[in-house]
Structures are given as structure tokens and as C-alpha cells.
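Step one of this worksheet: look at the structure below.
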Amino acid sequence: MAQQTKATIIKAEMSDETQEDAVHTAAEALDRFQEVTEIPEFIKKEFDKKYGPSWHCIVGTNFCSYFTHLQECFVYFSLNGRDYLLFKTPAT
1 MAQQTKATII
11 KAEMSDETQE
21 DAVHTAAEAL
31 DRFQEVTEIP
41 EFIKKEFDKK
51 YGPSWHCIVG
61 TNFCSYFTHL
71 QECFVYFSLN
81 GRDYLLFKTP
91 AT
């Protein structure tokens, strides 16, 4: 993963292990995809597979958010000049 630099966790409510997985998955997405729109889709689908539905992922440089998430299922971090918001809601 050549692109990965140190991620900065801005806010989190999940285990350290799952936070590390989120950063690793984001770094993998950066290596795999050129189109930024493919990055959140990849992260969301990977977390749905690993941790069950319903994960949501937002990636960008300037956004605001307000949402409800399941306990221990939220991380907001910065990596390579972009912010990543990843959270899980109850499955419908």
C-alpha cells in the first residue's frame, strides 16, 4: 500500500482493532481505485461483508453531517488529504 500515510482518528466510537481495519480498508481502496466515487462504495461493501449490514461511508474534503449510528460503530478519520466517515445503522 504505497499511498498510505499515517491516518489521524478525529473521533471514534469503535474498538481500536475495527478502527485499524477501517484505515486499512481505506488505504486499500486508495490503491485500487482512481475514481474517488469508488472509494466509499468499496469501504462500505467490505464492512458490510465483515461486520454485517448496514454500513455507510462518506469520503471527501469538505462536508457536514448529522446522523444516528449504532453503539461502537462509528469512526471519523483523515487519510491522505481526505476525511472518511464510516458508521453503521440498524438494518432495515
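Here UniProt numbering is used: the first residue of the sequence shown is 1, the next is one more, and so on.
Think of the CB as a built atom: it goes at the ideal place given N, C-alpha and C, for glycine as much as any other residue.
Since this is a predicted model, take the numbers as computed values, not measurements.
CB-CB under 6 Å to residue i, same chain, minus the five flanking residues each way: which ones, in chain order?
i: Leu86; result: Ala22, Cys57 and Val75
i: Phe63; result: none
i: Ser70; result: Note on residue identity: the sequence assigns Leu, not Ser, to residue 70. Closer than 6 Å at Cβ, skipping near neighbours: Lys88.
i: Ala46; result: One point to set straight first is that residue 46 is Glu, not Ala, in the sequence displayed. Only Thr25 meet the Cβ criterion.
What three-state label does DSSP hand residue i in the structure shown?
i: Thr8; result: strand
i: Tyr51; result: helix
i: Asp16; result: helix
Please list, in chain order, all residues of the same chain as residue i whose beta carbon is under 7 Å from its beta carbon, the five residues on each side excluded.
i: Ile43; result: Thr25, Ala26, Ala29, Cys57 and Leu86
i: Gly60; result: Arg82 and Asp83
Give a yes or no on whether the minimum CB-CB distance between residue i and chain C is below 8 Å.
i: Thr18; result: Absence of chain C from the displayed structure is noted, only one protein chain being present.
Look at the Cβ atom of residue i, then the Cβ atom of residue j, and state whether they are nearer than 8 Å.
i: Ser65; j: Thr92; result: no
i: Phe77; j: Ile10; result: yes
i: Glu72; j: Glu13; result: yes
Minimum length 4: unbroken alpha helix (DSSP H) runs contained in the stretch 21-84:
Counting whole runs of 4 or more residues, the stretch 21-84 contains the alpha helix (DSSP H) stretches 38-51.
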